[in-house]
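Input: a single structure, listed below in structure tokens.
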Amino acid sequence: MPRLPEDLIAMATDSPLRRLEQSSHLLTTLLNVEEDREFLTVWPGSDEKPAEKYTFGEFRSLCCGYVHLFQERGVKPGNTVALVLPQGAGLMAAFAGSMLLGAVPTILAYPNFKIDPVKYQSGLHGVTRNLSAALLAIDESLPAELVDRIEGQVIRCGAVHPSEDQGEPQIATRELAFIQHSAGTTGLQKGVALTHRVVLNQLIVLGRRLELNDRDRIVSWLPLYHDMGLIAAFMLPLAAGLPLAMMSPVEWVLDPSAYLRLAARQGSTLTWLPNFAFQFMARRVAESARRGLDLSALRAWTNTSEPIRERSFREFHKAFRECGVTRKSLQTSYGMAEATFAVMQSIAGESPRVVRVQADALRAQGRAETEPLGEMLDFVSTGHPLESVHVRIVDEQGNDLPDGRVGEILVSCSYLFSGYYNRPDLTRTVLEEGWYRTRDIGFRLGDDLFVMGRADDTIIVGGRNFFPTDIEELAFSHPAVKDGRAVAFGVDNPDLGTQDLIVIAEVASPQDLQRKQSIALEIRHSIVAALDVSPRQVRIVAPGWLIKSTAGKPARTANREKFLRSSKVE
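So for the sequence shown, this note's numbering puts the first residue at 468; every next one is plus one.
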């Protein structure tokens, strides 16, 4: 493909921030950086096997292979290309190759071994129909029954050969770059359409806050169909010209220590993780696997979940401080697909602010009072606003609230989406005069934003507000409960005019079901002792019972519906 003018070629060999600031589109660096610059290392699933390695030049050639494949199938500029491929170089090259064609790619969740085939098929059918995709590229091993209802052209992708035939890029810098999706439980229904400029705006301000430099190296297991993985662990290194080491989410779950070994071998400096991953690794990586592990190069372990738990940070730091993990390297962020990725980020090299607030004032009055009195709750700041970001906290009537008052979080920024793809009905419910209604609740103290959870998930028992994450964390702490596998929700009780608290916890081993009554009682006691509220029911279920969203978050609404279908509240 033709190279850009000499001034852009010089830019592409400069610092990561300069590459981002001078780029006209997301593939400027890919097309112009020196060919032998290191780009991608893919962990093969075993330390005994050699890793896949690609320079920027080799990755560009792989992208060209997909360009030719899609051209042969009639893909034209402006067409939507949906990708259902396993995590790895092929998926990434198919995505970038689509953009080189001027097409609009989108990555859909790849099915795992726990997926419900009927729900997956229904979700895939719905999202591809909404996208009006010209092409659905699927993995050659994907079962036929998962895609037999898809409308439009479907191709199976095996090994695609790299190509040195460099045609003319069809990148339309002012048109859509790609579509990413908000998480769902049965399908990805809400497409967020983003232009090259909007995504570059995000990468530039994020890069400045992270103080990106040419020594930075990113490591990730995050799925690329989610904004955290797509933006932070693909678009950022691609556009900034930084090395990336990657493994699949399934491999991470099976062997979280492999991710840490990969980070240590690569000398990685930046990574992004959901909150549960910190406790998961602290509990699942054996002490013997930590010996000799040098993670001191990793200057930012960014927790991107909401809410962020101080306890998770403490556990992780205690487990890995001998490996070089410092408290200041434990960073925080707050983001959403609708704002490309991040709107808040902690300050590089500084520990995020932690505040203790009165539990009673928070639950009964929606006030974050920091004066020590009674039971106190810890909250970790998600950081300070990135450039161009404005945040409001509002009450149910939309009135602005002062510092320390709990309300809904509204966000405005230069990288906010303009609406859900082909869904004006959904857009109208969340976009108001340039402000995105996140449906998250939280409070501000100065420049720090503290996110407490989803407004729709708040549980009201006897006039007191409870946040499911507080209850779920207590359930997680039971040794028989699988990490991250508990949900709490409210069920209306018309006789009492309030809600009943229901907790469902999934045990790690089927053998634990033999003592489910004692486990339920122990979880109940811990909730009563910590929060002074008694669940109407604590149900202990077998591994695989709970439904999670595609982003791995607790799918409380879906689990509530499953609970109500399967039983009555006792």
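Just so it is clear, CB atoms sit at the ideal spot from N, CA and C, and this is done for glycine as well. In this text the structure is predicted, and so the values were computed from the model without any measurement.
Identify whether residue i lies in helix, strand or coil by the three-state DSSP scheme.
i: residue 969; result: strand
i: residue 799; result: strand
i: residue 510; result: coil
i: residue 990; result: helix
i: residue 531; result: helix
i: residue 932; result: strand
i: residue 545; result: coil
i: residue 1026; result: helix
i: residue 804; result: helix
i: residue 953; result: strand
i: residue 809; result: strand
i: residue 479; result: Legend: pLDDT at residue 479 = 47, less than 50; position of this residue unreliable, value from coordinates given subsequently. The answer is helix: DSSP assigns residue 479 an H, G or I state.
i: residue 984; result: helix
i: residue 615; result: coil
i: residue 668; result: helix
i: residue 852; result: strand
i: residue 961; result: coil
i: residue 496; result: helix
i: residue 573; result: strand
Looking only at its chain, what residues have a beta carbon closer than 7 Å to the beta carbon of residue i, apart from the 5 residues adjacent to it on each side?
i: residue 518; result: 508, 509, 510, 511
i: residue 592; result: 616, 617
i: residue 502; result: 522, 523, 524
i: residue 817; result: 795
i: residue 536; result: 627
i: residue 971; result: 953, 954, 1006, 1008, 1013, 1026, 1030
i: residue 824; result: 835, 836, 837, 843, 844, 846
Determine the burial state of residue i: buried for a count of at least 16 other Cβ atoms within 10 Å of its Cβ, exposed for fewer.
i: residue 599; result: exposed
i: residue 992; result: exposed
i: residue 585; result: exposed
i: residue 840; result: exposed
i: residue 572; result: buried
i: residue 1031; result: exposed
i: residue 479; result: Confidence at residue 479 is low in this model, with a pLDDT of 47, below 50, so the placement of that residue should be treated as unreliable; the coordinate-derived value is given next. Buried, by the Cβ-count rule.
i: residue 583; result: exposed
i: residue 866; result: exposed
i: residue 669; result: buried
i: residue 622; result: exposed
i: residue 973; result: buried
i: residue 864; result: exposed
i: residue 626; result: exposed
i: residue 960; result: exposed
i: residue 812; result: buried
i: residue 870; result: exposed
i: residue 674; result: buried
i: residue 496; result: buried
i: residue 939; result: buried
i: residue 680; result: exposed
i: residue 672; result: buried
i: residue 806; result: buried
i: residue 964; result: exposed
i: residue 907; result: buried
i: residue 641; result: exposed
i: residue 657; result: buried
i: residue 848; result: buried
i: residue 977; result: exposed
Who pairs with residue i in a beta bridge, going by DSSP?
i: residue 646; result: 660
i: residue 887; result: 659
i: residue 622; result: 604
i: residue 712; result: 508, 686
Starting from the C-beta of residue i, find all residues in its chain whose C-beta is less than 8 Å away, skip the five residues before and the five after it, and write them out in chain order.
i: residue 1033; result: none
i: residue 734; result: 684, 764
i: residue 532; result: 560, 564, 627, 628, 629, 630
i: residue 941; result: 990, 993, 994, 997, 998
Suppose the cutoff is 6 Å on Cβ atoms and the five residues either side in sequence are ignored; what does the same chain contact list for residue i look like?
i: residue 690; result: 696, 716
i: residue 619; result: 600
i: residue 842; result: 826
i: residue 578; result: 587
i: residue 723; result: 748, 751, 752
i: residue 780; result: 797
i: residue 718; result: 512
Comparing the CB of residue i with every heavy atom of the ligand MN, is any distance shorter than 6 Å?
i: residue 952; result: Only the bare structure without any ligand can be found here, which leaves the ligand MN out of the picture.
> Is it a yes or a no for the stretch 854-872 touching the stretch 910-924, going by three-plus beta-carbon pairs under 8 Å?
Replying inline: yes
> Hey, is the stretch 826-844 in contact with the stretch 799-814, meaning 3+ C-beta pairs nearer than 8 Å?
Replying inline: no
> Touch check for the stretch 896-909 and the stretch 784-793: three-plus C-beta pairs under 8 Å?
Replying inline: no
> Below 8 Å, can you find three or more Cβ-Cβ pairs linking the stretch 887-902 to the stretch 923-931?
Replying inline: no
> Should the stretch 631-638 be called in touch with the stretch 605-615, which here means at least 3 C-beta pairs below 8 Å?
Replying inline: no
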